[in-house]
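Quick note: the sequence shown, position 96, residue 521 per our numbering, numbers continuous. Don't be surprised by glycine CBs; every beta carbon is placed ideally from N, CA and C. Quick caveat, the model's predicted, so the values are computed rather than measured.
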Amino acid sequence: MSDRFHRMRDRYLSGEIPWDHPEPPPEIIALSQELPPGRALDLGCGTGRACIWLARAGWQVDGVDFVPEAIAIASERVQTAGVADRVRLFVADATNLAFLTGPYDLAIDVGCGHGFGEAELHAYLSEVHRLLRSGGLFAFFVHLRHRDQPEAETLKVSIEQSFLMEALRRYFTIEQFVPGETIVMGNRGPSAWIYLRRD
């Protein structure tokens, strides 16, 4: 197993999961209100907050996370929320989703893909491209860093922006890039929501 897996699993085992909020980000809430319900894929679903929100809005949702403890929490919360008939959860590596069959209307990633190296990123984007329907939307939240940026000025887990954008253009049309700044456990760094369309 990768160092990233062990770091993430340790977070869940210790209960130190600062991204575990009751509701998903406002951007996901907005999409749930703007788009007609369909099939959604939540990549790196964590404790299931976006899965539950989308399911309550009428979506059929599949959530994937490689940390078993995250999926265990998500499963319990999905049951408690009364949306188990609309949500399926899987312990899996997001770079290998051969067990899933599209098409999905929407894919979301709130902080999963920015931890990948080059080979993993391309495997991941290829899978998302395969699973999304033509015209489907991929909403991708990432922590970013710029080339030659000092590590002290970035969040611990981030991806180099120009490398990421070049990779994304190989698989999707970039519809919108919304830059921002994120603070995680006292650390501050650049981030963005990137909205991508499958041709």
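Could you check if glutamate 552 is buried or exposed, using at least 16 other CB atoms within 10 Å of its CB as the buried criterion? buried
Compare the Cα-Cα distances from alanine 548 to each of Arg570, Asn521 and Cys537 and report the closest residue. For alanine 548, the closest of Arg570, Asn521 and Cys537 by C-alpha to C-alpha distance is Asn521.
First and last residue of the uninterrupted beta strand (DSSP E) at alanine 617: 612-622
Work out the CA separation of isoleucine 442 and isoleucine 498 for me, nearest whole Å. 12 Å
Measure the C-alpha to C-alpha separation of proline 450 and valine 603 and round it to an integer number of angstroms. 14 Å
By how many angstroms is the C-alpha of isoleucine 608 removed from the C-alpha of threonine 526? 36 Å
Cβ contact check for the segment 554-565 and the segment 505-515: 3 or more pairs under 8 Å: no
Assumed close pair leucine 468, cysteine 537 - CB separation to whole angstroms, cut-off 8 Å: Your pair leucine 468 and cysteine 537 checks out as a contact, with CB atoms roughly 5 Å apart and the cut at 8 Å.
Applying the 10 Å Cβ sphere with the 16-neighbour rule, what's the burial state of valine 486? When all chains shown are included, valine 486 counts as buried.
Measuring alpha carbon to alpha carbon, tell me which residue in Ala523, Thr472 and Glu452 is nearest isoleucine 619. Glu452
Below 8 Å on the Cβ atoms is my contact criterion, and I expect glutamate 585 with arginine 595 to pass it. Report the Cβ-Cβ distance as a whole number of Å. Glutamate 585 to arginine 595, Cβ: 16 Å. No contact.
Give the range of the beta strand (DSSP E) segment to which serine 515 is assigned. It should be pointed out that residue 515 corresponds to phenylalanine in this sequence rather than to serine. Unbroken beta strand (DSSP E) run through phenylalanine 515: 512-516.
Buried or exposed for threonine 472, going by 16 or more other Cβ atoms inside 10 Å? buried
Alanine 480 beta carbon near the ligand MG (any heavy atom closer than 7 Å): Among the components modelled here there is no ligand, and therefore nothing to report on the ligand MG.
DSSP state of alanine 577 mapped onto helix, strand, coil: Interpretation of alanine 577 is limited by its pLDDT of 47, a score under 50 that renders its predicted location unreliable; the figure taken from the coordinates is listed afterwards. Three-state DSSP puts alanine 577 in a helix.
For glutamate 545, which three-state DSSP category applies? helix
Segments of 3+ residues assigned as beta strand (DSSP E) that fall wholly inside the segment 439-526: 464-468, 485-490 and 512-516
Reduced DSSP category for phenylalanine 588 - H, G, I as helix; E, B as strand; rest coil: helix
Just to confirm the assignment, what range does the beta strand (DSSP E) spanning arginine 558 have? 557-570
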